[in-house]
Every structure is written in structure tokens, then in C-alpha cells.
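Numbering (my numbering), first residue to last: 766 to 1292.
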Ligand code: 3HC
């Protein structure tokens, strides 16, 4: 028999958000599904998940009412494990407790056919730990779906050292047949996607904890500045903060990298029972419809400011084009700076920036805001060299062609100056977010460590470039994968930002990995 279509009756144990989503995906794919829950009440909740999710598709005109009925009819709901006796595959999706999962697998071992493949949807436990307690370790695989399961296209298929290749091939073929993309990976904590995602999510929580930036500004920065579908706090609330904590603990236990040690704010919210969307409150409150995200937003349309741009190079050109689009008049000679509301230094190196800033500080009017783009070094170093540090903020455009501006206020920035800078940049059509004067502002400080982790995975042979990129695009909705991002953003830029982050924090994992440095030296892209 070919692998394709080799499963026709599939069991799903546990019909919470993930289990119900998986059952829906299987039933939509035309398979007969047996859904098992512990009691009638849980079973009815599972039925509710299935009806709501497919009902939503009907409302949006993506599914006819008849097709919805057919899908629901394909799912037999039961509280009796014995009903799984005819299944050729059973997927377990019960809460993330090893004792509970082992109990479920012991039961499955008893009731399922000897040739049935048993799969776990665990996101944080070791598949091998589960496999060794069964009488059929060669038939145990991991199938890791992503939330929301009906939408996200990635499924990680996990093979332990005990799994027979045929079981892996059959499950991967099933996943493909369901219209999803399988990525096959060994049994390592976090597999591919979570291993990359959660270091970033935890770092965002740490930024909030340390007061580097607000929840809304961090979320806005990562959507508007890095093109992600959701900011890290919105995403953690979607995943569930208890799940986030479990995943981080599992990854930390294996990596011993303190960046995976869960941020106290996460633990505090979990202890308080504030688990995200599912309980109505996490980082955000969902008591009213939707999230209470307010975001910084662009300022309402006002007269464009008069902007001085000092320096030459690509950034100066991009800023001039931006001002042009916003209808702002630009001054670029020292003699004209006196009339400017905002003077932006856009030099190509630190020494040139310092000289230009000193001259600009003397020429600019007293209430002008001076913005340093901080090419190397910190904003405060540049601010002190101007002789009027109270008027200075750092400004960073993570994508000079994009719409996000990050503003860093230093300890010397005067009261209200960062607000004025945000207002002026808003009048240029930019969305402004604030942070403290730290390397990488928000976007680069979060994205380059994640990209470094991806390069480390590649360098260590943990996964190949296609799997790594597929994990993040298909599993987490990123517009492009990290290996492609590194080549697009520039490996030399990655190394420069990582060195600055490492110099500031002395965090060993922030030093650029050898593969990056090697490619920069060779002048070659990763792909
Ligand atoms: N169930 C079913 N369908 C859903 C859904 C849900 N919960 N949420 C959204 N959808 C569908 C909608 O029906 C819509 O489809 P349609 O246009 O065909 O009707 C489509 O998804 C887009 O939805 P919306 O327009 O409402 O919302 P967005 O455009 O904002 O997209 C999103 C929502 C797809 C969730 C997007 O924001 C995204 O990709 N976010 C990132 C999610 C992510 O990273 N997931 C992985 C988390 S990690 C994980 O799960 C691993 C675990 O181990 C922790």
C-alpha cells in the first residue's frame, strides 16, 4: 500500500482547542474521525468548538451548510476509548502532563489494533518519554499542529530514535493529503518552530518586565516594523500563557540557555489564572469584544513639519523621500537648520555623525528636536557630544521604506521631548513607538537574536534551511523565514547588530554564530 491515504479512520483524544481543531482538519480532509473526551461535559465542549469553528466558515461563505453537516457527521464523539479499536491512527491532544499522556497511551496500547500508529500533539514533552512506556515504541510519532489548527499550514512530524521510518512516512503523507506541509524533525525540545519562537516571545516579555518598552509599543513594533501577523503579547495570549510557560520550561531544561528561563511576568500571570484569550485576560483583557490593544498609531493629519536632514547616504535619501511623500519641506544645509522643527542626523559612520550633530545643535532653534540615528554606539554618547542632550532622542527606522519609527529617549532626554518627536514623526506618516536607549531598539533587538538562533540551528545540522523557513512561515505566519530574512537584511548587518547586543549584555547566546561570521568573511549568502 502506498503511504498516501494509508489512514482512513483516525482517533483524536482530547477535544480542547487543539484537539477539536485537529479533528476538524481531519474531517474536512474526508477522514472518519473518532473524538474521545473524558466525560459528557468535556465532550459537549468539544462539540461546541467544532460547531463554532465550522459555523464561522459557513458565515464567511467559505463552507456551505451542507458541507458543514457532512464534516460534523464524519466526527463520532464518544467517552469510550474502546471506540478507537478500529482506528489506524490515533492523535492524542490532552493537557501537557507527562503522567496524563502516559495514562492515555497505556489505554490506547490496550484498545488499539497492533498495527495502529499512535501520535502525540505534544508541544513541550519528549515524544521518546511517552514512547518508551508503551508496548509499541516503533509506532509512536509526534504530530505537532499550530494554533489555530484549521488555519496554520505547518505540521511538525517528530520521529524518535525508536520510530520506524514507515510510520513517519505515512503520517507525513497524511499531513500532505490534508493540504498541510509536514516538516520532519528529531525529538528535541521545541522542535523547530517553538525553539525559535519562544526565545523571542520570552525576550519580549523580558523587555516589558524591564520597562524597556510598553506592551502596545512592542506589539506595534513587531507588526508594523517586522511584518509579523501578530505582536508577541497578542500571540502569547492566543497560544495560552500556561502553554507558553510549559514550552519555555521544556526548552530551558534542554538548552540551559537563560533566555529560555520564563520571564517572571509570565509566571505571575499564570499563577493568577490570567491565561490569555481562553480565560478572558492575559497580557490583554478580552472582556469586551476583541483585545484592548490600543497601539501607538500614527498622529492625526496635521501640517507636515520642517525637517533638517544632515548627512549623506542611503538613510538620508530614504528620509528625504519620506518627507517628500508627506509634503514636508526639507533643509539639508547647516545655514538653513534654524527654521527646522526636527533635525535628523543620518550619517554613515559614528565620527561623521558626531561632527554633524555638534554643528546642527548650534544651528537649530532652541525648541527643535534633534534625532540621532545612532550608527554604532549608543544614543546617549551622541547626545552628550551635542552639548544639548535634553533635546536629543534616538530614531531608528527598522525598514527605511516602511512606516515604523522607533524613538529611544535617554536618561538625559528632557520631559516631553520624546512625545514631541513622536508627534513630528507622526506628521511624516510614521507610526512611532518608544523605548529606552538600548542596542537594537525594539525590532532589531528582538529579531536578530531569533535570526542568530536560526543560523545556529542550520550550523548545527538541527534542521535544514527549507525546514527552518517553512516552520516560521507556515507555522507562525511570518511573511518570510529566518534564513531568507538573514540574506535579505544582510549578514553583515546581522553580525553588527548582534555584536552590539552582545557587547551591551555579554549574553553568550547573542554573539553572532560562527556560520554567520564565516559567510560575512566569505561574502556569500546563506543560501
Ligand atoms: N479557528 C479557525 N479559523 C480561524 C481562526 C480560528 N481560531 N482564527 C482565524 N481563522 C481563519 C478565519 O476564518 C480566516 O479565514 P477566512 O478568511 O478564510 O474566513 C483566516 O483565518 C484569517 O482570519 P482573520 O482575518 O480573522 O484574522 P487574521 O488575518 O488576523 O489572521 C491568524 C489570524 C491566522 C491567526 C494570523 O494572525 C496569524 O497567522 N497569527 C500567528 C499565529 C501563530 O503564530 N500561530 C502559532 C503559535 S505557536 C503554536 O501554536 C505551537 C504551540 O505548540 C504553542
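Each residue gets a CB set at the ideal place from its N, CA and C atoms; glycine is no exception.
Sorted by chain position, which residues of the same chain lie with C-beta nearer than 6 Å to residue i's C-beta, five sequence neighbours on each side aside?
| i | result |
| --- | --- |
| residue 1107 | 1070, 1072, 1134, 1189 |
| residue 1290 | 1252 |
| residue 1333 | Given that the chain is displayed from residue 766 to residue 1292, the structure contains no residue 1333 and the question cannot be resolved. |
| residue 998 | 980, 984, 1048 |
| residue 1144 | 1137, 1159, 1173, 1175, 1202 |
| residue 1017 | 1025, 1026 |
| residue 1012 | 888, 889, 959, 963 |
| residue 991 | 1208, 1212 |
| residue 784 | 777, 858 |
| residue 1267 | 1275, 1276 |
With respect to the alpha helix (DSSP H) encompassing residue i, which residues constitute its N-terminal and C-terminal limits?
| i | result |
| --- | --- |
| residue 940 | 930–942 |
| residue 1176 | No alpha helix (DSSP H) holds residue 1176; DSSP gives it neither H nor E. |
| residue 1282 | 1279–1287 |
| residue 820 | 805–824 |
| residue 1077 | Note, residue 1077: premise wrong, no alpha helix (DSSP H); not H, not E. |
| residue 1213 | 1208–1224 |
| residue 1151 | 1144–1151 |
| residue 1267 | 1256–1270 |
| residue 1000 | 997–1004 |
| residue 893 | 892–896 |
| residue 879 | That residue, residue 879, is in no alpha helix (DSSP H); it is neither H nor E in DSSP. |
| residue 964 | 958–974 |
| residue 1117 | 1115–1128 |
| residue 1183 | 1182–1191 |
| residue 1240 | 1230–1241 |
| residue 791 | 782–793 |
My guess is that residue i and residue j are in contact by the Cβ rule of under 8 Å, so how many angstroms apart are they, rounded?
| i | j | result |
| --- | --- | --- |
| residue 1333 | residue 877 | Residue coverage of the chain in this structure runs from 766 to 1292, which leaves residue 1333 outside it and unanswerable. |
| residue 961 | residue 1000 | Going by Cβ atoms, the distance from residue 961 to residue 1000 rounds to 13 Å, so no, they are not a contact pair. |
| residue 1128 | residue 1099 | 5 Å |
| residue 830 | residue 823 | 6 Å |
| residue 1015 | residue 919 | About 19 Å; that fails the 8 Å criterion. |
| residue 855 | residue 866 | Rounded, the Cβ-Cβ distance is 12 Å, inconsistent with contact. |
| residue 884 | residue 857 | 7 Å |
| residue 791 | residue 812 | Contact doesn't hold; Cβ gap of about 15 Å is too wide. |
Whose C-alpha, out of the options, is nearest the C-alpha of residue i?
| i | options | result |
| --- | --- | --- |
| residue 1160 | 1131, 793, 1127, 1197 | 1197 |
| residue 932 | 882, 859, 890 | 882 |
| residue 913 | 1187, 1252, 1080, 789 | 789 |
| residue 837 | 1256, 1130, 814, 856 | 814 |
| residue 1248 | 1265, 1284, 977 | 1284 |
| residue 1280 | 907, 780, 1199, 1220 | 1220 |
| residue 1146 | 1162, 1130, 1258, 1119 | 1119 |
| residue 1109 | 1126, 1226, 1092, 1074 | 1074 |
| residue 772 | 939, 799, 880 | 939 |
| residue 1186 | 1287, 1156, 1228 | 1156 |
| residue 1194 | 1088, 1103, 1131 | 1088 |
Report all residues from its chain with a CB closer than 8 Å to the CB of residue i; omit the five preceding and five following residues, and keep chain order.
| i | result |
| --- | --- |
| residue 871 | 898, 899 |
| residue 786 | 814, 818, 910, 912, 913, 914, 915 |
| residue 1059 | In this prediction, residue 1059 scores a pLDDT of 47, lower than 50, which makes its location untrustworthy; no coordinate-derived value is stated. |
| residue 903 | 927, 928, 929, 932 |
| residue 1055 | Only weak support exists for where residue 1055 lies, its pLDDT of 47 falling under 50; the value from the coordinates is given anyway. Nothing meets the Cβ criterion. |
| residue 805 | 844 |
| residue 1123 | 1150, 1151, 1152 |
| residue 1222 | 957, 960, 961, 1228, 1233 |
Just to confirm the assignment, what range does the beta strand (DSSP E) spanning residue i have?
| i | result |
| --- | --- |
| residue 1200 | 1196–1201 |
| residue 949 | 946–951 |
| residue 857 | 854–857 |
| residue 986 | Careful: residue 986 lies outside any beta strand (DSSP E) and carries neither H nor E. |
| residue 712 | Lying outside 766 to 1292, the shown extent of the chain, residue 712 is not represented and no answer is given. |
| residue 843 | 840–843 |
| residue 797 | 797–801 |
| residue 1107 | 1107–1110 |
| residue 921 | 919–924 |
Leaving out the 5 sequence neighbours to the left and right, which residues in its chain are closer than 7 Å to residue i when beta-carbon positions are compared?
| i | result |
| --- | --- |
| residue 968 | 1024, 1211, 1214 |
| residue 1064 | Its pLDDT being 47, under 50, residue 1064 is placed unreliably in this model, and the coordinates cannot settle the point. |
| residue 1218 | 961, 964 |
| residue 956 | 909, 921, 923, 950 |
| residue 1028 | 967, 970, 971, 974 |
| residue 1040 | 1005, 1006, 1007, 1047 |
| residue 1102 | 1073, 1096, 1108, 1125, 1128, 1129 |
| residue 1244 | 992 |
Please confirm whether residue i has its beta-carbon closer than 8 Å to some beta-carbon of chain D.
| i | result |
| --- | --- |
| residue 1179 | Although the question refers to chain D, the structure presented lacks it and comprises just one protein chain. |
Using 8 Å as the Cβ pair cut-off and three pairs as the minimum, do the segment 1156–1172 and the segment 1220–1238 touch?
no
Below 8 Å, can you find three or more Cβ-Cβ pairs linking the segment 1172–1185 to the segment 1235–1244?
no
Could you say if the segment 1081–1093 and the segment 1038–1055 meet the contact criterion of at least three C-beta pairs nearer than 8 Å?
no
Do the segment 916–930 and the segment 950–958 meet, that is, are 3 or more Cβ pairs less than 8 Å apart?
yes
Specify which residues have a beta carbon nearer than 7 Å to any heavy atom of the ligand HEM, listing them in chain order.
Only the ligand 3HC can be found as ligands here, which leaves the ligand HEM out of the picture.
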